[in-house]
Amino acid sequence: MAENCTMTTTTIEQAGKHDGQEVTLKGWLYNLRESGKLLFPIFRDGTGIIQGVCSLKENPEAFAALKGLTQESSVFITGKIRAEKRAPGGYEIGVTKLQIVQRVPESTPFPIQLKEHGVDFLLDNRHLWIRTPRQAAILRIRAEAIRSAREYMDSQGYTLTDAPMFTPAACEGTSTLFEVNYIDDQKAYLTQSGQLYGEALAMALGKIYTFGPTFRAEKSKTRRHLTEFWMLEPEAAYVELDEAMALGEGLVSAIVQGVLKNKSRELETLKRDAKKLECVKPPFPRISYEEAVAVLNKNGNPAKFGDDFGGDEETIISSSFDRPVIVHRYPTSLKAFYMQPDPQRPELALAFDVLAPEGYGEIIGGSQRIHDYDLLVKRLREHKLPEEAFEWYLDLRRYGSVPHSGFGLGLERTVAWICGTEHIREVIPFPRMIYRVYP
RNA sequence: UGGGGCGUGGUCCAACCGGUAGGACACCUCACUGUUAAUGAGGAUGGUGGAGGUUCGAAUCCUCCCGCCCCAGCCA
9 MAENCTMTTT
19 TIEQAGKHDG
29 QEVTLKGWLY
39 NLRESGKLLF
49 PIFRDGTGII
59 QGVCSLKENP
69 EAFAALKGLT
79 QESSVFITGK
89 IRAEKRAPGG
99 YEIGVTKLQI
109 VQRVPESTPF
119 PIQLKEHGVD
129 FLLDNRHLWI
139 RTPRQAAILR
149 IRAEAIRSAR
159 EYMDSQGYTL
169 TDAPMFTPAA
179 CEGTSTLFEV
189 NYIDDQKAYL
199 TQSGQLYGEA
209 LAMALGKIYT
219 FGPTFRAEKS
229 KTRRHLTEFW
239 MLEPEAAYVE
249 LDEAMALGEG
259 LVSAIVQGVL
269 KNKSRELETL
279 KRDAKKLECV
289 KPPFPRISYE
299 EAVAVLNKNG
309 NPAKFGDDFG
319 GDEETIISSS
329 FDRPVIVHRY
339 PTSLKAFYMQ
349 PDPQRPELAL
359 AFDVLAPEGY
369 GEIIGGSQRI
379 HDYDLLVKRL
389 REHKLPEEAF
399 EWYLDLRRYG
409 SVPHSGFGLG
419 LERTVAWICG
429 TEHIREVIPF
439 PRMIYRVYP
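If you count the first sequence from 1, position 315 lands on 323 in the numbering used here, and the numbers rise without skipping.
Encoded structure:
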């Protein structure tokens, strides 16, 4: 583009800084409204959308190029940026020159209209659906959530490490593992949690976190489940339950405040009420499992000691508070084999969940881990887990075992709550669900 | 895996108690100098998820199959 060399090339996000100047944008035609000898194209470029104006009288060549141009055709747009109250976004570009990079053929128009579509159609066209302003906003918020989360963990002295995706056996149960053919005739499984590896890394580096995809072959078909989702899992040596809960509370707060600070425009695009997020700061209310049962009973729910909480119960509990609530000390029988019993009340595990408001459910699950060798072996046997597969894990209790704690934060559930989306599938670029692996 | 719901042009929906399958959007043409999912007029294309059954006649009723959605379990 030799002729563009003298022209400022910018993005829609930066357009406001070029008020009154002629610039070039590289993007796509999002929509085109016609009004006689005036055209109102809407352009998008990945950073935002901006309305253009093109008049036949002033710019006949650009007008001719633009008239009848199809949705999502890729274009270079040159024109003058100006503040304009009538334009969505506050600025518009007076198009003086338009170069078509690729014209979408009329015979195969872009399938995603500006009208409503059904879920199945949108998911079949997920590769195109992500171009819409709403989906783009969600993905930018997801990116900010990740950035804020890592910034917070780093600031707390935690080192990012990585757990493997291929694992030799289960971390918890075996029923929900994806089995894959490994080299030769070996079997391997896709990880369902990096936690056990995180524990080993914590004994090496002190405070660590892993962040990556996890896989669960659960036959869950609810708005809160994916078969592939991302989890941030801190694990720290010499950290006990209270400190782990404080870390979880700080992490969730940092994510929410980061999004509020840096992605307010995207929250507006989603029409998300920021007031519901502004109060998400420490301290979060903390209630014990037994107190939670009492809250449920008071609200007419027949839960009793030993029952696990389902979606309904979580919603009742979380709706009593304006921010996430921490529920701690669940019955040992409900929790995983590696969770440390409360020394005062061995029937309770030093475990905690963080429940998001507005019915988004559990976004964090964590605990203090068993550090005593004999107790851990006993629990492995009680849960009928293959001890051989856990030999390396038992080593962690043979060689300088210390009290330690950790948790897993579900990225998609957290982002779904922040964005206020109906379903978790919207907050990951290409959702993997029980009956969907396309596209 | 259970419970509930839904499958109609490319998309989103309508069609009474079983009686000629229709509209909007998208696409094309025309009009319109401030549109906001623009509007108005016209045009072409094209469909009852599949297989049986009941009936003079089935999108509609029955059986089976397929697909999807929601809820529960499990979990993040």
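For each residue, glycine too, the CB sits at the ideal point set by N, CA and C. None of these values were measured; they are calculated from a predicted model.
Best match in the options for proximity to residue i [C-alpha to C-alpha]
i: residue 450; options: 318, 283, 215, 262; result: Nothing about residue 450 can be reported from this structure: the residues present for the chain run from 9 to 447 only.
i: residue 175; options: 153, 222, 143, 253; result: 222
i: residue 424; options: 264, 155, 89, 296; result: 264
i: residue 112; options: 128, 130, 74, 145; result: 74
i: residue 202; options: 243, 234, 229; result: 243
i: residue 434; options: 447, 420, 357, 196; result: 420
i: residue 90; options: 30, 137, 122; result: 30
i: residue 186; options: 150, 207, 227; result: 227
i: residue 65; options: 407, 107, 44, 52; result: 44
i: residue 110; options: 36, 281, 441, 272; result: 36
i: residue 196; options: 445, 397, 388, 406; result: 397
i: residue 339; options: 320, 323, 329, 361; result: 361
Whole-angstrom distance between residue j and residue i, CA atom to CA atom
i: residue 314; j: residue 342; result: 7 Å
i: residue 12; j: residue 124; result: For residue 12, the predicted model reports a pLDDT of 46, less than 50, meaning its position is unreliable; a value from the coordinates is still stated below. C-alpha separation (whole angstroms): 38 Å.
i: residue 496; j: residue 126; result: This structure cannot speak to residue 496, because the chain is shown only from 9 to 447.
i: residue 210; j: residue 299; result: 32 Å
i: residue 204; j: residue 401; result: 7 Å
i: residue 439; j: residue 237; result: 8 Å
i: residue 306; j: residue 316; result: 17 Å
i: residue 346; j: residue 384; result: 7 Å
i: residue 432; j: residue 245; result: 33 Å
i: residue 16; j: residue 81; result: 22 Å
i: residue 311; j: residue 325; result: 12 Å
i: residue 169; j: residue 219; result: 8 Å
i: residue 52; j: residue 101; result: 12 Å
i: residue 288; j: residue 379; result: 33 Å
i: residue 322; j: residue 235; result: 22 Å
C-beta contact flag for residue i and residue j at 9 Å
i: residue 19; j: residue 56; result: yes
i: residue 161; j: residue 199; result: no
i: residue 374; j: residue 414; result: yes
i: residue 24; j: residue 98; result: yes
i: residue 2; j: residue 225; result: Outside the shown range of the chain (9 to 447) lies residue 2, about which nothing can therefore be said.
i: residue 308; j: residue 370; result: no
i: residue 152; j: residue 105; result: no
i: residue 331; j: residue 359; result: no
i: residue 103; j: residue 47; result: yes
i: residue 290; j: residue 327; result: no
i: residue 437; j: residue 131; result: no
i: residue 167; j: residue 118; result: no
i: residue 121; j: residue 95; result: no
i: residue 171; j: residue 275; result: no
i: residue 229; j: residue 442; result: yes
i: residue 262; j: residue 159; result: yes
i: residue 447; j: residue 135; result: yes
i: residue 231; j: residue 430; result: yes
Assumed close pair residue i, residue j - CB separation to whole angstroms, cut-off 8 Å
i: residue 334; j: residue 377; result: Actually they are not in contact, since the Cβ atoms of residue 334 and residue 377 sit about 18 Å apart, beyond 8 Å.
i: residue 450; j: residue 40; result: Because the chain in this structure spans residues 9 to 447, residue 450 falls outside the shown range and cannot be described.
i: residue 255; j: residue 164; result: 7 Å
i: residue 278; j: residue 427; result: 6 Å
i: residue 292; j: residue 248; result: With 8 Å as the limit, residue 292 and residue 248 do not qualify as a contact, their Cβ atoms being about 18 Å apart.
i: residue 267; j: residue 149; result: 6 Å
i: residue 252; j: residue 404; result: So it is not a contact: roughly 17 Å between Cβ atoms.
First and last residue of the uninterrupted beta strand (DSSP E) at residue i
i: residue 48; result: 46 to 52
i: residue 333; result: 333 to 339
i: residue 107; result: 99 to 110
i: residue 261; result: No beta strand (DSSP E) holds residue 261; the alpha helix (DSSP H) holding it covers 249 to 270.
i: residue 67; result: Per DSSP, residue 67 belongs to no beta strand (DSSP E) and is neither H nor E.
i: residue 441; result: Here residue 441 belongs to no beta strand (DSSP E), and DSSP marks it neither H nor E.
i: residue 246; result: No beta strand (DSSP E) holds residue 246; DSSP gives it neither H nor E.
i: residue 376; result: 369 to 377
i: residue 167; result: 167 to 169
i: residue 433; result: Looking at the DSSP string, residue 433 is not in any beta strand (DSSP E), and its letter there is neither H nor E.
i: residue 285; result: That residue, residue 285, is in no beta strand (DSSP E); its alpha helix (DSSP H) goes 283 to 286.
i: residue 196; result: 195 to 198
Span of the alpha helix (DSSP H), counted from its first residue to its last, around residue i
i: residue 390; result: 381 to 390
i: residue 406; result: 399 to 406
i: residue 141; result: 141 to 163
i: residue 95; result: No alpha helix (DSSP H) holds residue 95; DSSP gives it neither H nor E.
i: residue 305; result: 297 to 306
i: residue 427; result: 419 to 427
i: residue 206; result: 203 to 213
i: residue 323; result: 319 to 326
i: residue 131; result: 127 to 132
Residue i beta carbon near the ligand ZN (any heavy atom closer than 8 Å)
i: residue 385; result: Here there are no bound small molecules, and the ligand ZN is not part of this structure.
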